[in-house]
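For the sequence shown, the residue numbers in the numbering used here are 37 to 573. Heads up, the beta-carbon is just placed ideally off N, CA and C, and yes, glycines get one too. This report concerns only the one structure given below.
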Amino acid sequence: MLERGWDWTNHYGDCEELSDGSWECQTWWNDPEIEPGNHTMVLTVDNLDVGTNYSVSISANICENMAGCEYHDMEFEFNATAEEMSETFHMETTEYTCNVNIHVTLYEEMDGWNNHMGSDYFNYNGPCEQPPSPFTLTYDGVEWEEEWNYETFDECEEADGGFECWDDDQGEGWSNWHENCEELSDGSWECQTWYQNPSIEPGNHTMVLTIEDLEVGTNYSVEWYFDVCQNMMGCDGDSDVFEFNATAETMSETFHIETDNYTCHMSINVRLYEEMDGWNDQVGYDYFDFNGPCEQPPSPFTLTYDGVEWEEGTPEMLEFDHCEEDGPDLMCWQDEWDWEDDDGEPEHSMWLPSDHCEDMGTHWECEAPWTIMPEIEPGDHSMELTVEDLVVGTNYSLQIDLSIYGTDGGSWDNMEFEFNATAETMSETFQMETNSSTCNVNIWVDLYETSEGWDRVSGYSYNFQGPCEDYGGSDKRIPGVRRWQRRRRVGMVRVSRLLRPLLARRTLSLHVHGRRRRLPIMGERLRGAFGRRLRLL
């Protein structure tokens with residue numbers, strides 16, 4: 037019997053034994069592909085009763101990239117003159133078609149009633165190319181464009197709808213896949229590798245949305261909505277619809293959006309609808325993202341524990357043997373992180389902003405993107421949270437989420453304090469117990485104004501590190517990464533320091549047909565590699 041190490045099996049519905057004794061199984065399938073064109077579709081129905089009246093209902097959905105789906109319903113009635121009969125219909129698809137879904141149902145007509153005889157589905161995949169956007173957005177007179185990064189390679193070959201590229205000194209089997217590349221005059225290749233959103237400064241911005249390729253005399257509507265996300269404050273947005281009759285092939289609409297120093301991200305989504313016979317057909321969609329300064333706003337909160345005010349520590353300093361440019365930032369590692377084959381390609385690395393690192397000649401020193409947490413001793417702690425800048429007479433809700441992680445597990449609690457502000461500064465008190473096995477304490481605070489609905493006023497996080505004794509897990513550690521680390525809120529995202537080294541990786545190595553390929557795996561890089569069709573939230 038083959039030694040497997042553990043009992044592990046896979047179940048498949050259709051398998052066949054081959055001549056060499058191995059087995060071949062159907063594991064998964066794809067819908068067939070359909071090319072652009074006007075297609076003649078023939079639906080054949082068998083096992084009919086001659087002389088019986090039937091009807092066939094056909095529902096076809098054709099979905100296009102950036103344009104939504106169109107729905108077509110057809111019905112055919114017939115008297116069966118044979119046991120097998122066919123009906124013909126036509127369906128048009130384009131290079132922008134992503135999916136076609138056809139649902140058919142057969143009914144037998146008896147005494148004025150329809151009896152359901154059977155149903156089936158037929159699905160197709162289309163080319164799903166990205167159509168040219170009818171929208172152009174300018175902000176304060178500047179046209180919105182992605183800010184692309186470019187890299188050069190010694191060689192590129194067309195592959196999989198893009199290009200496989202490599203450098204002569206990169207090592208056999210290594211290649212990089214990019215969607216858009218062109219050969220330069222010296223024989224090298226330049227590729228778009230990733231992009232970042234344009235930056236937007238604080239202010240009240242004039243946004244002009246221009247729409248092209250309109251049909252004069254046709255009624256249209258544009259639905260737009262936006263979100264402005266602030267550091268520690270969450271997101272706030274608005275939406276609107278404007279309707280118009282096209283008096284020209286190109287028309288524009290103007291609106292205004294305000295951002296500030298605390299804005300981290302702004303996203304604008306627009307959809308164009310054509311109004312026909314009381315229905316709205318989506319004919320265009322696009323989105324425009326911006327990056328803001330993302331400064332941390334002053335916190336209205338002050339936390340004291342056992343009479344001591346919580347203060348954020350200084351950033352931790354890290355040392356690396358090597359750092360190299362990786363886009364706008366640096367990829368850094370230590371020699372011992374190349375533990376597999378000592379080939380100069382480390383199995384672990386960290387991705388850090390360039391302005392956080394300094395070349396010391398023999399090594400690199402970098403400021404970590406986290407700070408050292410204050411320590412908390414075992415005991416029953418009196419916690420007092422003071423809130424400033426309140427509006428007297430206003431109703432508030434103060435929500436506190438408490439998480440305690442230790443070598444013996446974790447515990448979670450949440451508290452809510454509702455009050456009417458009788459002063460500009462007020463306090464709430466609660467208790468918190470820790471012990472010698474406590475490793476991390478995370479306190480998340482959110483303040484809401486509740487006089488008219490729920491409006492988030494501010495949020496903050498407080499973190500402590502405990503003794504973390506009696507750790508029962510593995511003692512194996514990666515140099516430079518502490519066993520228990522803080523979690524800190526950055527905007528609306530909670531990130532563990534233990535995950536940062538993994539998140540720092542910007543490429544994923546895959547073995548494809550005997551060759552290794554590096555594919556980007558992180559946010560902007562993933563979008564840069566696969567174009568704007570893929571949107572990461």
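**OP:** For P168, count neighbouring C-beta atoms within 10 Å of its own C-beta (all shown protein chains included) and say buried if the count is 16 or more, exposed if not.
**Re:** Around the beta-carbon of P168, fewer than 16 other beta-carbon atoms lie within 10 Å, marking it exposed.
Subject >> Those runs of the alpha helix (DSSP H) which lie wholly inside the region 89–133 and span at least 4 residues >> reply: Those alpha helix (DSSP H) runs which fall completely within the region 89–133 and span 4+ residues do not exist here.
Subject >> C-alpha gap between M102 and W315, whole angstroms >> reply: So the two alpha carbons sit approximately 18 angstroms from each other.
Original post:
Whole-angstrom Cβ separation of S385 and M409, contact assumed at under 8 angstroms?
Top reply: S385 to M409, Cβ: 25 angstroms. No contact.
Original post:
Since Y160 and E69 are thought to touch, with beta carbons under 8 angstroms apart, how far apart are those beta carbons, to the nearest angstrom?
Top reply: In this structure, Y160 and E69 form a Cβ contact; the two beta carbons are roughly 7 angstroms apart against a cut-off of 8 angstroms.
Original post:
Where does the unbroken beta strand (DSSP E) through H392 begin, and where does it stop?
Top reply: Here H392 belongs to no beta strand (DSSP E), and DSSP marks it neither H nor E.
**OP:** Measure the alpha-carbon distance for C217 versus P382 and round it to whole angstroms.
**Re:** Separation of C217 and P382 (C-alpha to C-alpha, rounded to the nearest whole angstrom) is 27 angstroms.
Original post:
Ordered along the chain, which non-local residues of its own chain (more than five positions away) have a Cβ less than 6 angstroms from that of T465?
Top reply: Within its own chain, the residues whose Cβ lies closer than 6 angstroms to the Cβ of T465, once the five positions on either side in sequence are excluded, are E420, listed in chain order.
Original post:
Between which two residues does the beta strand (DSSP E) containing M451 stretch?
Top reply: Its beta strand (DSSP E) spans residues G445 to N456.
**OP:** Can you have a look at N115 and say buried or exposed, based on whether 16 or more other CB atoms are within 10 angstroms of its CB?
**Re:** N115 sits exposed, since fewer than 16 C-beta atoms from the chains shown fall within 10 Å of its C-beta.
**OP:** Please classify R561: does DSSP put it in a helix, a strand, or coil?
**Re:** Its pLDDT being 31, under 50, R561 is placed unreliably in this model, and the value from its coordinates should be taken loosely. In this structure, R561 counts as helix in the three-state DSSP scheme.
Subject >> C227 to V477 span [Cα, whole Å] >> reply: Approximately 46 angstroms, taken between the alpha carbons.
Original post:
For D249, which three-state DSSP category applies?
Top reply: Three-state DSSP puts D249 in coil, outside helix and strand.
Original post:
Among E294, T338, E144 and N74, which one has its Cα closest to the Cα of S463?
Top reply: Closest option to S463, Cα to Cα, is T338.
Original post:
Exposed or buried, which one is T22 when buried takes at least 16 other CB atoms within 10 Å?
Top reply: Since the first residue of the chain shown is 37 and the last is 573, residue 22 is not available in this structure.
**OP:** Please name the residue, chosen from D437, D444 and A459, that lies closest to N450 on a Cα-to-Cα basis.
**Re:** Checking every option, the nearest Cα to that of N450 belongs to D437.
**OP:** Quick one: grab the DSSP three-state call for E285.
**Re:** Reduced to three states, the DSSP call for E285 is coil.
Subject >> Buried or exposed (CB count within 10 angstroms, at least 16 for buried), W369 >> reply: So W369 ends up on the buried side.
Original post:
Thinking C-beta only, is H214 closer than 7 angstroms to G198?
Top reply: Yes, the Cβ-Cβ distance between G198 and H214 is below 7 angstroms.
Original post:
At a cut of 8 angstroms, does the region 275–287 reach the region 121–134 through at least three beta carbon pairs?
Top reply: As far as the Cβ criterion goes, the region 275–287 does not touch the region 121–134, which means the pair count is below three.
Original post:
Any heavy atom of the ligand NAD within a distance shorter than 6 angstroms of the CB on G154?
Top reply: Looking for the ligand NAD in the displayed structure turns up nothing, as the structure carries no ligands at all.
**OP:** Please go through the same chain and pick out, in chain order, the residues whose beta-carbon is closer than 8 angstroms to the beta-carbon of S224, but skip the five residues on each side of it.
**Re:** T188, F189 and D190.
Subject >> Close-in-space but distant-in-sequence residues of the same chain around E119 (CB under 7 angstroms, 5 per side omitted) >> reply: Beyond the five residues adjoining it in sequence on each side, E119 comes within less than 7 angstroms, by CB distance, of D82, N83, L84 and V86 in the same chain, given in chain order.
**OP:** Give me whichever residues DSSP pairs with M468 in a beta bridge.
**Re:** According to DSSP, which records beta bridges pairwise, M468 is partnered with H417.
Original post:
If you follow the beta strand (DSSP E) that T153 is part of, which residue opens it and which one closes it?
Top reply: It should be pointed out that residue 153 corresponds to Met in this sequence rather than to Thr. Segment W149 to N161, the beta strand (DSSP E) holding M153.
**OP:** Go through its chain and collect everything with a Cβ distance to Q467's Cβ below 8 angstroms, but skip five positions before and after it.
**Re:** Annotation for Q467: D416, H417, S418 and M419 place their beta carbon closer than 8 angstroms to its own, counting only its chain and skipping 5 residues before and after.
Original post:
Where does the unbroken beta strand (DSSP E) through H399 begin, and where does it stop?
Top reply: That residue, H399, is in no beta strand (DSSP E); it is neither H nor E in DSSP.
**OP:** Please state if the CB of Y498 and the CB of W346 are separated by a distance shorter than 7 angstroms.
**Re:** Cβ atoms of W346 and Y498: closer than 7 angstroms.
Original post:
Are V244 and T174 touching if we call contact CB-CB under 7 angstroms?
Top reply: Taking 7 angstroms as the cut-off, the beta carbon of V244 is found closer than this to the beta carbon of T174.
Subject >> DSSP bridge partner residues for N255 (one or two, in chain order) >> reply: DSSP lists N281 as partners of N255.
Original post:
By DSSP, does W369 sit in helix, in strand, or in coil?
Top reply: Note: W369 maps to strand in three-state DSSP.
Original post:
Candidates T340, P238, G154 and E348: which alpha carbon is nearest V140's?
Top reply: Nearest Cα to V140 within the set T340, P238, G154 and E348: G154.
Original post:
From Y321 to G177, what distance separates their C-alpha atoms?
Top reply: Approximately 22 angstroms, taken between the alpha carbons.
Subject >> Sequence-distant residues of its chain with Cβ nearer than 8 angstroms to G567 (five each side left out) >> reply: With a pLDDT of only 30 at G567, under the threshold of 50, the placement of this residue in the model should not be trusted, and no figure is reported.
**OP:** Could you check what DSSP says for P234 in three-state terms: helix, strand or coil?
**Re:** Note: P234 maps to coil in three-state DSSP.
Original post:
Based on the DSSP secondary-structure assignment, which residues constitute the bridge partners of A195?
Top reply: Note: A195 sits in a beta bridge opposite G198.
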